[in-house]
Amino acid sequence: MDLQKQSSEGYTENKGVKIFYRDHGPAEGEPILLVHGLGAQLVHWPPHLIEFLKKNRYRPITYDNRDVGLSSRFIGKPSFVLDYIKYFLRLPIQSEYIIDDMAEDGINLLDALNIKKAHILGTSMGGMIAQIISSQFPERVKSLTLIASTASTPSPLNAPSKEVRALMMKRSKNPNPTIEEVYEREIKFVSLIGMKGREVDTPQFRQDTLENFQRAKDGSGYGRQLLAILASKNRLQKVRAIKAATLIVHGKHDPMIALKNAHKMHQLIPDSKLEIISKMRHLIEPEILELFQERLLEHLEQNT
């Protein structure tokens, strides 16, 4: 299937914030807004997921969250030493925006595309954003799917593994790396959060990493997005208010967001369904999608 067929792309703007999006079409398909995670561009969505949704008559809409890809950049430079101390002492952290602002970006995109109601699928940080969309704009949501996400704000007691956390902090402190530094980092990171034993260092992976690096040109938003997550408090009450039919998918061995977070979301969201994928870590590889794609399709069809 040609993933570019019937697709369109462009910008939407609200309050001075420009969001770049790609509407994969077809126009008559059931719209599903895909909300990505920390530092991820729209090009990081797995093509096999986009193809699966289109094949089943859905209309995937992807976008660069603020501060990544081709969307608007902010200018603040996080004070990592001070913020790291605040993080471990569980003190309030200031940020230029919070998850709620990022949720409004998604709603503004739906408005720009004249979509009154859509399925919402979020992964990792995108799941946090999707929770706020579903909680604060329930009339816009047909169904909610949360993949490898959490309802809790990360804390020293609920943090990524030591190895993952070290790579995240290193990336936050180096917003303008060379391509070789990016490639080395991506190999380490994907090896940690992707399927165990999967070969990462391939010509295709190198080409994709280079193209994504050239597309973004600026990695400074990663640190600001991370602060937005840490500064977004009181999300648990909002998550309890979610009324949309919710499917939670989580890897049994996720080193980024531990499995206990999926169980907590399941407890907080009324009538939610939980699918634990034994071979999954944090990413949605083709082999992983095959393990829950029928459950995802059933979930979407029941709420169309």
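The opening position of the sequence shown corresponds to residue 12 in this note's numbering, with each subsequent residue numbered one higher. In this text, a Cβ means the ideal position worked out from N, Cα and C, and glycines have one as well. Just so you know, these numbers come straight off a predicted model, no measurement behind them.
Please classify residue i: is it buried, with 16 or more other beta-carbons within 10 angstroms of its beta-carbon, or exposed?
i	result
S19	exposed
P71	buried
Q236	buried
E309	exposed
I131	buried
N272	buried
G208	exposed
E115	buried
P42	buried
I299	buried
Quick one, which of the options has its alpha-carbon nearest residue i's?
i	options	result
R217	I198, G205 and A141	I198
G117	S106, E107 and A129	A129
G205	K254, R251, S231 and P57	P57
P167	R176, A159, F303 and I143	R176
G48	R182, I140 and N185	I140
K290	H264, Q304 and A269	H264
G36	H55, L64 and K127	L64
A255	Y74, M179, E296 and Q313	Q313
F200	L45, P214, Q215 and M180	M180
Tell me the DSSP bridge mates of residue i?
i	result
F31	Y22
I287	H261
E107	Its beta-bridge partners do not exist; DSSP assigns none.
G133	V46 and L157
P57	BP columns for P57 are empty, so no partner.
R70	P42
Residue i lies in the alpha helix (DSSP H); which residues open and close that run?
i	result
L241	G232 to A242
E195	I190 to I204
H310	P297 to Q313
T213	Run containing T213: none; DSSP gives neither H nor E here.
N272	K271 to L279
Would you mind giving the Cβ-Cβ distance between residue i and residue j, rounded to the nearest angstrom? I have them listed as a contact below 8 Å.
i	j	result
T220	Y194	5 Å
L203	E222	With 8 Å as the limit, L203 and E222 do not qualify as a contact, their Cβ atoms being about 22 Å apart.
Y233	P171	Y233 to P171, Cβ: 14 Å. No contact.
H277	L270	No, H277 and L270 are not in contact; Cβ-Cβ is about 11 Å, not under 8 Å.
I259	L121	I259 to L121, Cβ: 22 Å. No contact.
G133	S106	Between S106 and G133 the Cβ distance is about 19 Å, and since that is not below 8 Å, they are no contact.
Just reading off the beta strand (DSSP E) that residue i is part of, what are its end residues?
i	result
T156	V152 to I158
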